[in-house]
Amino acid sequence: MSLFLAALAVLLLGGLGALAASRSPRAANLLGALGAVLGCAFGGTVALRVLAGEDLPALRAPWRVPYASFHLEVDALSAFFLLPIFGLSALAAVYATGYLRPFGGRRSLGPPWFFTNLLVAGMALVVVARNAILFLVAWEVMSLAAFFLVAWEDEREEVREAGWTYLVATHLGTAFLLALFVLLGREGGSFEFEAFRAGAQPGALFLLALVGFGTKAGFVPLHVWLPEAHPAAPSHASALLSGVMIKTGLYGLVRTVTFLGTPPAWWGWVLVGVGATSGILGVLFAIAQHDLKRLLAYHSVENVGIIALGLGLGSLGWTYGAPWLAAFGLAGALLHVLNHALFKGLLFLGAGSVLHATETREIDRLGGLGKRMPATGVAFLVGAAAITGLPPLNGFVSEFLIFLGALRGGTSSVAGVAVPGLAAIGSLALIGGLAAACFAKAFGVVFLGEPRSGEAARARESGPAMVVPMALLAAACAAIGLFPGLALRIVEPAVREVLPGPDAGWRPAAAAILDRAALAGGGFLVLAAALALLRRALLRRRPVGETVTWDCGYVRPSARMQYSSSSFAQPLTELFGILLRTRKRIVAPRGPFPAGASVATETPDPFRERLYGPAFAAIARGAAALRWIQIGRVHVYVLYVALSLLVLLAWKLG
Amino acid sequence: MKSATDGILVLLVLTDLMLLGTSRIAALIRLAGLQGIVLGCLGLFVQADDLTLRGVLLAAGSTAIKAGVIPWLLARAMREAGASREPEPFVGYALSLLLGMALLGGSVWIGSRLSVPGPGAGSPVVPAAFFSMGAGLLLIVSRRTALSQVVGYLVLENGVYTFGVSMAREERILVELGVLLDLLVAVFVMGIAVFHIRREFDHIEVDRLSTLRDTGP
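For the record, the sequence lines run as chains A and B.
When you read off a place in the first sequence, starting at 1, and then add 2, the result is the number in my numbering.
When you read off a place in the second sequence, starting at 1, and then add 1, the result is the number in my numbering.
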């Protein structure tokens, strides 16, 4: 445990050092990254040791705050979440040294490093805290550090807006958590996690946890902050927010369910429903986006939906005493947490590398970057293939586990399991297909074809500090995909921690199927490599001409002839128009010699526009009606205080 | 000694009422000083059964601060600010007195309803303390100059002190020190505020600060 505390201390020291050295960008970069990498190495060691089966004693220290204690414990579930937290953070920190460098001349680098390290420390503390007060404090530290990262480039209007949206959303979520923990604490008589029990109303507690933690995780319709905040943050922070911070919400949900005992069936149904909705809507909105990072942020909503599907299936298996269904669902969900951290981190780092090189996130201003930034292009391709769940990459492994669970459930004779199982199969298939379409668009428009703007044409590959972390993440994606048995070994202790009862031997069964799939995938890769070699051998000593990608037989092809992000997505956005409500502005060509024509599409988030916008406007109007109370005279404010005290006293006494 | 304590409490109530009816700031400050002496005596009489040197010293110290240091500071502030009268209070003196009587009635009611542990139960301490607090709050709310408001804070704190000194005999030192500290901080802050107001805005009428408020859309 002391190693874990040392990790936290080193992280904080690195952050403080960067803050102290913020006058020199180089020193801030060095100190911040050093603290992050060292801290993550320490912390990662702890997580690996626990996953390897070591039993770490819990740390209990008194704390003077009422009801609180400094109670930390790293069990397998915590360790499993610590793994992506420390792993991705270390790589993101290395990446940030390159990514933040161009900002060094303009603004101080101390604050982003400080808040990055604080965010990592906060996340780590959230998953090991075993006291509700400590948990909430860590939760708030994490959320606020993330806020300062989101709002870092605060001179831009949309960044301030995003920061504000995030701040409101996270605190609304925390309010639900506060209620949850107060109720749990009242039932258990203490705010220690080990004392928590369900009490009379476990359903209400589950719903509080679902809303409170779901806001952080980004379940639809609580996701609205996510596509605003994640693109606004600097890219290494976007990777951390999307890759690991939203997972703390899922951790909280799983941890809460362990307090509440065997879940009733409807929890599983709700989770499957939430998962299917988030997954499908998330990927649909992603398709319609024109901002690379925003697109990725919507994909986080989608992936959180997939994880919720797995959790729902796991919960149903638990309820109905189907150990394999429970294990497949939960293992798939947990493994997807790790996998999503890897490939979403990779994709955000790749998007950051594009942004770094071209200074734009507009997909329609990019193009042809595959030739100019080959390493970023390959890494992004690996990430894109992984997120769409293609073998032999890691996304396939976890989604296939959930599929296995769903198939088991779907063929069950109990309707309460069969219907959600079939629904999960259907929505997973739809999500997978749409995700593939979306990443065909994202990768194709950004990296293939010809550059659509001068910035894209002048793009250069990023430096090694940024490329190496991406390469490592891509390698990790491939490693889990090619050796799924290893990943199952990592996730097994965490599953055992959550699910009661004897182990049903699900792991060897799943490993057998997955190993065969990995073998086939590996064989496919070997075949592809052989074909490429064959092609090279055949083309040797023959003249090979190169030309632009799109020329359509014209004499003077232009980059504008290529599919744009709107046109590529058009068939799908038309098909799902009723959900997306894409706005189009078309200036159609007129006459035999049209002078100009244009088309622009925009897909704002309908939940933001139709649900939260009106609701918050109504609240603002209501608050404005009370403005007369704020009269500006100190006397009157004292009068308010005195009167309310008197009224309270009289009420109490009378 | 009960009659002596009661007499002191009556004195406290009377000074409160006089404070409410006074327009001259110098008189306000003098009355506040007088109240400090009264409270010092209260501190002595309450513990008359077992008088200790420590208790005497503490009572003397608190009297010195309440009746000496703070009035002196306030008088200095008054001279520097050049304000000798309360120009036009939000609530007139006659109305203040009437409100004061109503507050006294309310305090007696509170005293009858509030169940206090210890020897203070049923004594007039509770109404007197609550009335002092109420009078202080009324001064703060109804007066325009910052100096009158400081006196209001003082009276408020005196009420708290009265309550504490007669209720918590065992932990009196704790209460007393806490109250003194509060008082000192309050005067300090307000003193700074007074000087700042004088330097920045050239007058010490707090209500003009309202020009700084957020006017909103």
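Glycine is no exception: its CB is placed at the ideal position from the N, C-alpha and C atoms.
Closest by CA to residue i, which one among the options?
i, options, result
"G251 of chain A", "A:V303, A:G428, A:R610", "A:V303"
"R460 of chain A", "A:D505, A:G507, A:Y556, A:V356", "A:V356"
"A522 of chain A", "A:A439, A:F441, A:F485, A:D366", "A:F485"
"L20 of chain B", "B:F91, B:G101, B:L74", "B:G101"
"T603 of chain A", "A:T47, A:G385, A:S569", "A:S569"
"L21 of chain A", "A:T378, A:V76, A:L10, A:T118", "A:T118"
"A231 of chain A", "A:R296, A:R199, A:L33, A:R537", "A:R296"
"D553 of chain A", "A:E452, A:G624, A:L368, A:A511", "A:E452"
"I9 of chain B", "B:S124, B:R114, B:I141", "B:S124"
"H301 of chain A", "A:Y253, A:L84, A:K346", "A:K346"
"I515 of chain A", "A:P545, A:L403, A:G579", "A:L403"
"V57 of chain B", "B:G69, B:G44, B:D7", "B:G44"
"E142 of chain A", "A:R109, A:T176, A:A234, A:L432", "A:T176"
"R498 of chain A", "A:A329, A:F150, A:T321, A:I433", "A:A329"
"L574 of chain A", "A:V421, A:A438, A:E361", "A:A438"
"I427 of chain A", "A:G190, A:R610, A:G277, A:S71", "A:G277"
"G137 of chain B", "B:V166, B:G165, B:S97, B:I111", "B:S97"
"T146 of chain B", "B:R86, B:V166, B:L139", "B:R86"
Going by DSSP in three states, residue i sits in which element: helix, strand or coil?
i, result
"E499 of chain A", "helix"
"D57 of chain A", "coil"
"L10 of chain A", "helix"
"G385 of chain A", "helix"
"G8 of chain B", "helix"
"L488 of chain A", "helix"
"T47 of chain A", "helix"
"V649 of chain A", "helix"
"E364 of chain A", "strand"
"V416 of chain A", "coil"
"R86 of chain B", "strand"
"E463 of chain A", "coil"
"E201 of chain B", "Unreliable positioning characterises E201 of chain B in this predicted model, as indicated by a pLDDT of 45, which lies under 50. The coordinate reading is nonetheless provided below. Helix, per DSSP."
"T176 of chain A", "helix"
"S560 of chain A", "coil"
"I633 of chain A", "coil"
"E452 of chain A", "coil"
"A63 of chain A", "strand"
Excluding the 5 residues preceding and the 5 following residue i in the sequence, name in chain order all residues of the same chain whose CB lies nearer than 6 Å to its CB.
i, result
"H238 of chain A", "A94, Y97, A98, Y101"
"L120 of chain A", "G17, A147"
"L33 of chain A", "G16, G19, A20, A23"
"A49 of chain A", "A81, L84, L85"
"P27 of chain A", "G106, L111"
"G418 of chain A", "A267"
"G254 of chain A", "F215"
"G245 of chain A", "L90, A343, K346, G347"
Below 7 Å on C-beta distance, what does residue i contact in chain A?
i, result
"I66 of chain B", "Ordered by position in chain A, no residue passes the 7 Å Cβ test against I66 of chain B, which lies about 24 Å from the chain."
"L138 of chain B", "V640, A644"
For residue i, I'd like the list of residues in its chain whose CB is within less than 7 Å of its CB, leaving aside the five on either flank, ordered along the chain.
i, result
"A477 of chain A", "none"
"T53 of chain B", "none"
"L13 of chain A", "G37, A38, G41, N119, V122, A123"
"S108 of chain B", "P128, F131, F132, G135"
"L648 of chain A", "none"
"A164 of chain A", "V152, E230, A231, A234"
Could you list which residues in chain A have their beta carbon closer than 8 Å to that of residue i, in chain order?
i, result
"V142 of chain B", "H637, V638, V640, L641, A644"
"F91 of chain B", "H637"
I want to verify the contact list: residues of chain B whose CB lies under 7 Å from the CB of residue i, in sequence order.
i, result
"L655 of chain A", "I111, R114, L115"
"L430 of chain A", "In chain order: nothing, as chain B lies at least about 49 Å away."
Quick one: measure Cβ to Cβ for residue i and residue j, integer angstroms, because I've assumed they're closer than 8 Å.
i, j, result
"S567 of chain A", "I248 of chain A", "At roughly 25 Å, the Cβ-Cβ gap does not stay under 8 Å, so S567 of chain A and I248 of chain A are not in contact."
"P236 of chain A", "W154 of chain A", "6 Å"
Sorry if obvious, but does the Cβ on residue i come closer than 7 Å to a heavy atom of the ligand SAH?
i, result
"G411 of chain A", "Annotation note on the ligand SAH: not contained in the displayed structure, which lists no ligands."
Once the 5 residues before and after residue i are set aside, which same chain residues still bring their CB inside 8 Å of it?
i, result
"E196 of chain A", "R132"
"A279 of chain B", "This structure cannot speak to residue 279 of chain B, because chain B is shown only from 2 to 218."
"G217 of chain B", "Because the pLDDT of G217 of chain B is 46, which lies under 50, any placement of that residue in the model is unreliable, and the question is left without a value."
"Q564 of chain A", "G369, V447, G451, E452, R454, T551, W552"
Mind listing the chain B neighbours of residue i? Cutoff is C-beta to C-beta under 8 Å, in chain order.
i, result
"L651 of chain A", "I111"
Name the chain E residues whose beta carbon is nearer than 8 Å to that of residue i?
i, result
"F46 of chain B", "Checking the listed chains, one finds no chain E in this structure; the protein chains it contains are A and B."
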